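Student: Sequential numbering from 1 applies to the sequence shown in the working numbering.
Before anything else, here's the structure in question.
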Amino acid sequence: MDYNTMLEKLLDGGYLPTTVIRAGIRQQLRQRLTSIASTSNASAYDTKMKYVELLRERPIAIETSKANTQHYEVGTGVLNNMLGPRMKYSCCLYEGLKPGQGLGEAEVLMMEDYVKKADLKDGMAMFDLGCGWGSLSLFLAEKFPNSKITGFSNSRTQKEYIDSQARAKGFDNLTIVTGDIATYEFQAPLTGSFDRVLSIELFEHMKNYQLLLRKDVTET
């Protein structure tokens, strides 16, 4: 058993105290900062471009089943006790909150920011790529009743949760599709055009952006 494998087992098993974990993290950060500081701009750019070329040779995504097991097929009840009321599994916006407001309001502020930046209007067809537990899809379906909202998730439990919420709220303008983005061949209802494609904190899981953007999703 090599060092990294042994260390992972100790971490996963909860054998290392927090003080040791923090010391290890700080050491790795110092090493990384030293490495960055001692690298010239030309060398850093060369390293970056080599990485970009490497990504172009890779599949759209890797280990999607493992990601599902670790994150996206986790019981909804567990996430209900961890996330805000809208089940937003991504960053929230706290700047601008009033005294007494908290996570629930921060979720809404962040999604209102998406609306503003993407210039979303009622009546548009919108595609939420990597919709998670539906925070944005459900928010858009509520805010834009004349819009057609389509969400894409790789999780069965996420779709079940979103569909149940949509039924409870009486939304008839929201459709959730499940599949593995790396292999999914787009078909109805994903064969038409969309006025906006939104993707919140999905691309860090992707490897080959070019292949992803060549998928049969058209932004008009």
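All C-beta atoms, glycine included, are put in the ideal place defined by N, C-alpha and C.
In this text, all values refer to a predicted model and were calculated from it rather than measured experimentally.
Can you find a C-beta in chain B that's less than 8 Å from the C-beta of alanine 118?
Tutor: Going by chain labels, chain B is absent from the structure shown, which holds only one protein chain.
Student: For alanine 125, list the residues DSSP reports as bridge partners.
Tutor: Answer by DSSP bridge pairing, in chain order: Lys148.
Student: With a 10 Å radius around its C-beta and 16 neighbouring C-beta atoms as the bar for buried, classify glutamate 107 as buried or exposed.
Tutor: It counts as buried.
Student: So who's on the other strand from isoleucine 176, going by DSSP bridges?
Tutor: Beta-bridge pairing links isoleucine 176 to Gly151.
Student: Could you compute how far the alpha carbon of glutamine 222 sits from the alpha carbon of arginine 56?
Tutor: Residue 222 is absent from the model: the chain starts at 1 and stops at 220.
Student: Looking at isoleucine 176: is its Cβ nearer than 8 Å to the Cβ of serine 137?
Tutor: The answer is yes: Cβ separation under 8 Å.
Student: Exposed or buried, leucine 7, counting other C-beta atoms within 10 Å across all chains shown (16 or more means buried)?
Tutor: With fewer than 16 other Cβ atoms within 10 Å, it is exposed.
Student: Check whether the Cβ atoms of methionine 126 and serine 147 sit closer than 8 Å, and answer yes or no.
Tutor: Their beta carbons are under 8 Å apart, which means methionine 126 touches serine 147 by this criterion.
Student: If you draw a straight line from the alpha carbon of serine 193 to that of isoleucine 149, how long is it in whole angstroms?
Tutor: For serine 193 and isoleucine 149, the distance between alpha carbons rounds to 12 Å.
Student: Look at the alpha carbon of arginine 214 and the alpha carbon of isoleucine 60, and state the distance between them as a whole number of angstroms.
Tutor: In a straight line, the C-alpha of arginine 214 is about 10 Å away from that of isoleucine 60.
Student: Skipping 5 residues on each side, what residues in its chain have a beta carbon closer than 6 Å to that of lysine 88?
Tutor: Closer than 6 Å at the Cβ level, and outside the excluded window around lysine 88, lie Glu107, Ser135.
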